[in-house]
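One structure is given here, and the rest of the page talks about it.
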Amino acid sequence: MEEAKARRRLSILCSHLRPLGASDSGHAPTHLISSRVSNSDSETENNEKNLHQNDCVFCKIIINESPSVKLYEDDMCLCILDRNPLSHGHSLIIPKSHFCSLEATPPSVVAAMCSKVPFISSAIMKATDSDSFNLVVNNGASAGQVIFHTHIHIIPRKAHDCLWPSESLRRRRLKLDQDVFKLVDSVREQLSVSNNTKNGLTGN
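Mind the numbering: the sequence shown is residues 893 to 1096 in the numbering used here, read in order.
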């Protein structure tokens, strides 16, 4: 088990130094690349299979049962082009394990995904000649989430592309009234309850 952990750490380190697709042979990188990480530990492979859902399109992409255009991959996550892009180069970072929402995703997985954002977004902006990008998580149906497998959108932007109608809306200054202070108290209470539950500090 320790050897498997060591291999995984080494793989992640190497992915930062030379992302998958780079080649010493000088050949062009393959665009449709395998999602599987080579691992001789059968127990780890079985655990990985249990972390996928049969009816999830992202899980099917991860186990190579559905096609995608992949830009980047490592042990924890991969980046693919969105099939219905809002802009040229619109991409998704998705974890290799299935989590239906952001709050269901372990902090270590969220950290692994977010740690790739500067690296991947920089490459996408250069490739699309963009000077900006939006980082978006649609979390829940009301927020526009369609595929219930946690993912982060990287959406390249250019000046005056008018992508979001909301950008033209006038924003109002926050009013420090009774409703705002009730909101603050309620959020802080929920954070305290969540923190106590996480640390096993209940009133029982």
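Ideal Cβ placement from N, Cα and C applies to all residues, glycine included.
To the nearest angstrom, how far is it from the Cα of residue i to the Cα of residue j?
i	j	result
phenylalanine 1073	leucine 1083	15 angstroms
cysteine 992	serine 1007	20 angstroms
glycine 1032	alanine 1003	20 angstroms
methionine 1005	histidine 1043	9 angstroms
histidine 1045	asparagine 976	12 angstroms
isoleucine 954	aspartate 1071	45 angstroms
isoleucine 1012	tyrosine 964	8 angstroms
leucine 978	proline 1010	20 angstroms
arginine 1065	serine 1058	16 angstroms
asparagine 1091	valine 1085	10 angstroms
lysine 941	lysine 988	Any reading at lysine 941 needs caution, since the residue's pLDDT is 46, under 50, leaving its predicted position unreliable; the model's value is listed next. If I take the Cα positions, the gap works out to 10 angstroms.
leucine 1061	cysteine 1054	12 angstroms
tryptophan 1056	phenylalanine 1025	12 angstroms
glutamate 957	isoleucine 985	18 angstroms
histidine 980	leucine 943	31 angstroms
valine 1001	lysine 952	19 angstroms
methionine 968	proline 959	19 angstroms
aspartate 966	lysine 1018	21 angstroms
threonine 936	proline 999	In this prediction, threonine 936 has a pLDDT of 41, which is less than 50 and means its spatial position is unreliable; what the coordinates show is noted afterwards. When rounded, the distance between both Cα atoms is 21 angstroms.
asparagine 1087	glutamate 995	14 angstroms
histidine 1052	arginine 1063	19 angstroms
Leaving out five residues on either side along the sequence, give the residues of the same chain with a beta carbon under 6 angstroms from the beta carbon of residue i.
i	result
histidine 1041	Cys948, Phe950 and His990
threonine 997	Phe991 and Thr1042
glutamine 945	Cys951 and His990
What do you get for residue i, buried or exposed, if any count of 16 or more other CB atoms within 10 angstroms of its CB means buried?
i	result
arginine 901	Note on arginine 901: pLDDT 46, under 50, position unreliable in the model; the coordinate value appears next. By the neighbour-count rule (16 or more Cβ atoms within 10 Å), arginine 901 is not buried but exposed.
serine 1034	exposed
aspartate 1021	exposed
leucine 1068	exposed
threonine 1089	exposed
leucine 970	buried
Once you ignore the five residues that flank residue i on each side, which residues in its own chain have a CB closer than 7 angstroms to its CB?
i	result
serine 1078	none
alanine 1015	none
lysine 1050	Ser1022 and Asp1023
glutamine 1037	Asn1030 and Asn1031
valine 1028	His1045 and Ile1047
Our contact map puts residue i next to residue j with C-beta atoms below 8 angstroms; I'd like the distance itself, whole angstroms only.
i	j	result
histidine 982	isoleucine 1047	5 angstroms
In the DSSP output, which residue or residues are listed as bridge partners for residue i?
i	result
arginine 1049	Ser1024
glutamate 965	Leu970
proline 959	Answer by DSSP bridge pairing: none, since proline 959 is not bridged.
serine 954	Strictly speaking, residue 954 in this sequence is isoleucine, with serine absent from that position. According to DSSP, which records beta bridges pairwise, isoleucine 954 is partnered with nothing at all.
leucine 1068	Beta-bridge pairing links leucine 1068 to no other residue.
proline 987	Cys969
isoleucine 1044	Ile985
Could you pull out every residue in the same chain whose Cβ sits closer than 8 angstroms to the Cβ of residue i, ignoring the five residues on either side in sequence?
i	result
arginine 1080	none
What I want to know is whether the C-beta of residue i ends up closer than 8 angstroms to one or more non-hydrogen atoms of the ligand HEM.
i	result
threonine 997	In terms of ligand content, the structure shown is empty, and the ligand HEM therefore cannot be addressed.
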